[in-house]
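In our numbering, the protein residues as written are 190 to 567.
Following: one structure in C-alpha cells, then a few remarks.
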C-alpha cells in the first residue's frame with residue numbers, strides 16, 4: 190500500500206500562506222485533524238529539534254483516525270549534529286552541568302543511554318496505537334562511508350529493536366559508482382534498515398541520486414526535496430526557502446511510476462514531500478494521491494485478475510506491446526519522460542499503456558528505450 194504525506198503538518202509557511210488550512214483551523218489540534226482528513230501519512234519534523242513529550246505523542250495518536258501513520262525524524266543528536274543542551278529533557282540536562290553543546294562521538298555513554306531511553310519512551314503512545322511508521326535517520330553531508338559510521342548504524346539498530354528505521358545519506362560518496370552502491374545497499378539490508386530513495390537537486394557533493402532499490406521487505410521510502418538547484422546550497426533564511434520547488438505533473442508522473450513499480454517489493458510504500466515552502470508540498474501530495482488512484486496503490490498485482498490496475502500489463506502479449514511502442518517517437522534524450530499509447534489486447538480489449546523513457550547500458554555503450562510500466566483498460 191502506498192501512503193503519501195508531507196514533512197510536517199505544522200510548517201510555518203504552510204500555515205501562514207493560508208491556502209491549505211481552512212480559516213477556522215487555528216489550533217494545533219484543528220490543523221492535525223484537518224491534515225489527517227486528507228493525507229494518511231505525515232513526517233514529524235519537530236522531533237529532530239527536540240525529543241517530544243509523551244503528552245504530545247498521545248495527543249497526536251488521539252487526534253488522527255485509525256490507520257493514520259506518523260514517520261518520526263530521529264533526534265539530531267543521534268545523527269551526529271551538534272545539539273544544544275537546553276533542548277534536552279530535564280533529567281538529562283542535570284547530567285551535564287556546565288555543558289552548552291553536545292556531539293554524539295564526544296558524549297559519555299551514560300548520557301547517550303539516557304537520551305535513547307527518553308526518545309524511545311516518547312514514541313510509546315504511537316506504538317501502542319499502531320501509528321508509528323518509520324524512525325527516519327537523516328545524516329549530515331559530513332557523514333561519509335567508514336567503519337565508524339557502520340558501527341554507529343549497528344548501535345542504532347540495537348537501541349530501537351522494536352522499530353523500523355529508515356536511513357538517508359546526504360553525501361554522494363555513498364553512491365559513488367556501482368561497487369559502492371552495492372556495498373551501501375548490502376549494508377542497509379544487513380541492518381534490515383529502509384533505504385531512502387531521494388529525489389532532489391543533482392550535481393553537488395551533498396546531494397545524492399535517486400537509487401530505486403528496496404532493502405527492507407516491509408517498507409520502501411521515497412522523500413522528495415524538490416529540484417531547486419539555486420537555493421539548495423544558498424544562504425537562505427529557512428529550510429522552506431531551501432526546498433522551494435513545485436513538481437510538474439510530468440515530473441510527478443515519472444516518480445509515481447517508479448514508486449509503484451518498486452512498491453511491489455515491499456508491504457508498505459511511503460512518499461514524503463519535503464518541498465515544504467508554503468503549500469507546494471501539499472499540492473504535489475494531493476496530485477500524487479490522484480495519480481496513485483489512477484495507477485494503482487502499489488499492492489502486488491494479482492496476475493490472475495488482468496483488470497487490476499497493476500496487473501493489466503501482465504495480460505499484454507509481446508506482439509501487442511510492440512504494436513503500442515511502435516506508435517511512439519524514436520526514444521531520445523530530450524523527449525518527455527512519459528508517453529502513452531493505446532492498443533487492442535486480446536484478453537481484455539482496448540488498453541492504454543504508459544511508457545517511461547529509460548537508458549539501457551551494455552558494456553561501454555548505452556541507448557534510450559521506451560519501457561512499459563503500467564497499463565489500464567479503457
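Glycine included, each C-beta is placed from N, C-alpha and C at the ideal position.
Taking contact to mean at least 3 C-beta pairs separated by less than 8 angstroms, is the stretch 303 to 310 in contact with the stretch 239 to 256? yes
According to DSSP, is residue 293 helix, strand or coil? helix
Residues near residue 541 in its chain [Cβ-Cβ closer than 6 angstroms; skip 5 each side]: 529, 531, 565, 567
Of the residues 397, 348, 405, which one's Cα is nearest the Cα of residue 149? Residue 149 is absent from the structure shown; the chain starts at 190 and stops at 567.
Grab the span of the alpha helix (DSSP H) containing residue 215 for me, first residue to last. Unbroken run through residue 215: none, as it is neither H nor E.
Alpha-carbon to alpha-carbon, residue 476 and residue 443: 13 angstroms
Span separating the alpha-carbon of residue 422 from that of residue 431: 8 angstroms
Can you give me the start and stop residues for the alpha helix (DSSP H) that residue 308 sits inside? 298 to 311
Hey, residue 399 and residue 388: beta-carbon distance below 7 angstroms or not? yes
Residue 357 by DSSP, collapsed to three states: which one? strand
Where residue 352 and residue 302 are concerned, what is the direct C-alpha to C-alpha distance, given to the nearest angstrom? 17 angstroms
Which stretch, first to last residue, makes up the beta strand (DSSP E) that contains residue 410? 408 to 413
Rounded to whole angstroms, what is the Cα-Cα separation between residue 479 and residue 261? 25 angstroms
Check whether the Cβ atoms of residue 410 and residue 385 sit closer than 7 angstroms, and answer yes or no. yes
Assign residue 496 to buried or exposed, taking buried as 16 or more other Cβ atoms, counted over all protein chains shown, within 10 Å of its Cβ. Here the model assigns residue 496 a pLDDT of 41, short of 50, so the residue's position is not dependable, and the following value carries that caveat. Residue 496 should be labelled exposed.
Quick check: residue 221 and residue 192, are their CB atoms within less than 7 angstroms of each other? no
Kindly confirm or deny that the stretch 289 to 301 and the stretch 321 to 336 touch, where touching means at least three C-beta pairs closer than 8 angstroms. no
Inter-residue Cα distance where the pair is residue 403 and residue 390: 22 angstroms
Kindly indicate which residue of 381, 462, 373, 382 has the alpha-carbon position closest to the one of residue 415. 462
In the structure shown, what three-state DSSP assignment does residue 262 receive? strand
Taking residue 327 as part of the beta strand (DSSP E), name the residues at either end of that continuous run. 321 to 327
What is the C-beta distance between residue 375 and residue 355, in whole angstroms, given that I count them as a contact (C-beta under 8 angstroms)? The pair is not a contact, with the Cβ atoms about 17 angstroms apart (cut-off 8 angstroms).
Within the continuous alpha helix (DSSP H) that includes residue 438, where are the two ends? 438 to 452
Cut-off 8 angstroms between Cβ atoms - residues of its own chain near residue 244, not counting five sequence neighbours on either side: none
Taking the alpha carbon of residue 516 as the point to measure from, which residue in 482, 345, 235, 561 has its own alpha carbon closest? 561
With DSSP as the reference, label residue 192 as helix, strand or coil. strand
Looking only at C-alpha atoms, which of 457, 559, 370 sits nearest to residue 512? 559
Near residue 346, which residues of its chain fall below 6 angstroms by C-beta distance, leaving aside the five closest residues on each side in sequence? 380
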